[in-house]
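*Asks:*
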Amino acid sequence: KMLQRKDLGLPLKDRDKCGRRVMNIKFGKLDPGKESWTSVIQSTMMILEAFSLEEDVQDNGVALILDCTHFSLKIMKWATPHKIRTVLGFFQDCIPLRFEAIHIVNYPYIFNVFASALKPFMNEETKRKLIWHSDLSSIEQYIEKVSLPEDLGGQLKPEEVEDWYKMVLEKEEIFTEFRKMGYSQ
1 KMLQRKDLGL PLKDRDKCGR RVMNIKFGKL DPGKESWTSV IQSTMMILEA
51 FSLEEDVQDN GVALILDCTH FSLKIMKWAT PHKIRTVLGF FQDCIPLRFE
101 AIHIVNYPYI FNVFASALKP FMNEETKRKL IWHSDLSSIE QYIEKVSLPE
151 DLGGQLKPEE VEDWYKMVLE KEEIFTEFRK MGYSQ
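Residue numbers (full-length UniProt numbering): 1 to 185.
(1) Around the C-beta of residue 112, are 16 or more other C-beta atoms found within 10 angstroms, so that it is buried, or is it exposed?
(2) When the Cα atoms are used, what is the spatial distance from residue 160 to residue 148?
(3) Once the 5 residues before and after residue 98 are set aside, which same chain residues still bring their CB inside 6 angstroms of it?
(4) By DSSP, does residue 124 sit in helix, in strand, or in coil?
(5) To the nearest angstrom, report how far apart residue 25 and residue 91 are at their CA atoms.
(6) If you drop the 5 nearest sequence neighbours on each side, which residues of the same chain put their C-beta closer than 7 angstroms to that of residue 48?
(7) Grouping DSSP H, G and I as helix and E and B as strand, with all else coil, what is residue 133?
(8) Within a Cβ cutoff of 8 angstroms, which residues of the same chain sit near residue 100, ignoring the five residues on either side of it in sequence?
(9) Is the beta carbon of residue 40 closer than 8 angstroms to that of residue 65?
(10) Taking only runs of the beta strand (DSSP E) that begin and end inside the UniProt domain "CRAL-TRIO" (1-160), which ones reach a length of at least 3 residues, in chain order?
(11) Report the three-state DSSP secondary structure of residue 181 (helix, strand or coil).
(12) Could you check the C-alpha separation between residue 71 and residue 27 for me, to the nearest Å?
(13) Whole angstroms is fine: what's the gap from residue 136's alpha carbon to residue 177's?
(14) Please state whether DSSP places residue 171 in a helix, a strand or coil.
(15) How many Å lie between residue 118 and residue 76 at the Cα?
(16) Report buried or exposed for residue 11, applying the criterion of at least 16 other Cβ atoms within 10 angstroms of its Cβ.
(17) Would you tell me roughly how many angstroms separate the C-alpha atoms of residue 86 and residue 36, rounded to the nearest one?
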């Protein structure tokens, strides 16, 4: 179900200026009262696995945009140190993708506190890839304005953004094979 929720983010249809696939995650829209931690992680894993099958992603890596609009104390309480350590370990050491840039946009002051709590669990390479954007115009150094969604100051209409549910469904055969290998257990 989470994969069908376009309000939580979408992959952009165009690549960034370095040719990387861009995944836009609306982190601040997560509602701990509605989403389980497990379903968030499972959905993210499926999307990243689908990305990892694309040849240009294998060559160029992925850029993440973490949109922290509406980030709240509820999310901070939900993301316990154990969960943070687990997720960062997964992203840094397990998923077969290179995260080349992590753009953080629309962050309220409270997110700075949250990010400080994350840093002890980040390796140096991940820390170097964090790019803080105090205003949306600075992200245009990395991603063309025509490729950014309107809510990030770009020109891309909501209906023009790629549907990751559809993207994952197109790779359903591969995920079925993964399950046969015990991957989902």
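Each residue gets a CB set at the ideal place from its N, CA and C atoms; glycine is no exception.
*Replies:* From the atom records:
(1) exposed
(2) 10 angstroms
(3) 61
(4) helix
(5) 14 angstroms
(6) 95, 97
(7) coil
(8) 18, 20, 60, 61, 62, 63, 129
(9) no
(10) 9-11, 21-25, 62-67, 99-105, 130-132
(11) coil
(12) 7 angstroms
(13) 41 angstroms
(14) coil
(15) 11 angstroms
(16) buried
(17) 15 angstroms
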